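Just so you know, we're using our numbering here: the sequence shown kicks off at 1150 and counts up by one.
The beta-carbon is built from N, C-alpha and C at its ideal position, and this holds for glycine as well.
In this text the structure is predicted, and so the values were computed from the model without any measurement.
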Amino acid sequence: MAALFALIGHEVVIRMGNRQESERKPGFVSDGEVVVLDVFEGTPAHAAGIRSGWRITAIGGQEIRGRQDLEAALMAPGDLVFTVVRPEEEKPREVSVKRTGTGPVGLIPAPGIGDSPLAVPHNSGPLLVFLRRLTGGKAS
């Protein structure tokens, strides 16, 4: 019996955390500009020193006004020169990103207003399915 309550308690804590997370305002939302949410270690962007929170204003001299501009600029072959603004500075600086082959540059842009979520939590774990059957579909 204690094991069942431990499982139910665990599921309740997870569900409460998911609900709080989905109702909270995002930490990074870019509004008409491209802000770096994260950079993968071991990638060209990381090796160039690009970090989370930096704004990308241009790539190769082409102004970047949103995700579509970023995606188009990243399609260009070869090395790239990013114009970035760090959070603690307002002066733009250029950063050279040396590509190694055809792999990704390695950065994740912050979501913009109206962007679709990249991950959606699911509500169909085995314990929840069991509880729904037990309660006639009222468990969430």
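- In this structure, Arg1235 places its C-beta atom within 8 angstroms of the C-beta atom of Trp1203.
- Take Val1183, set aside five residues on each side of it, and the residues of its chain with a beta-carbon closer than 6 angstroms to its own are Ile1205, Ile1213, Leu1219 and Pro1258, in chain order.
- Shown here for Ser1245: same chain residues with a beta carbon closer than 7 angstroms to its own, the five before and five after excluded, namely Ala1197, Asp1228 and Val1230 in chain order.
- Leaving aside the five residues that flank Val1188 on each side, the residues in its chain whose CB is nearer than 8 angstroms to its CB run, in chain order, Ala1194, His1195, Ile1199, Arg1200, Ser1201, Gly1255, Leu1256 and Ile1257.
- For Val1162, the secondary structure class from DSSP, reduced to helix, strand or coil, is helix.
- For Asp1187, the enclosing beta strand (DSSP E) has its first and last residue at Val1183 to Val1188.
- Pro1260 has its alpha-carbon roughly 27 angstroms from the corresponding atom of Gly1250.
- It is roughly 33 angstroms from the alpha-carbon of Glu1160 to the alpha-carbon of Val1185.
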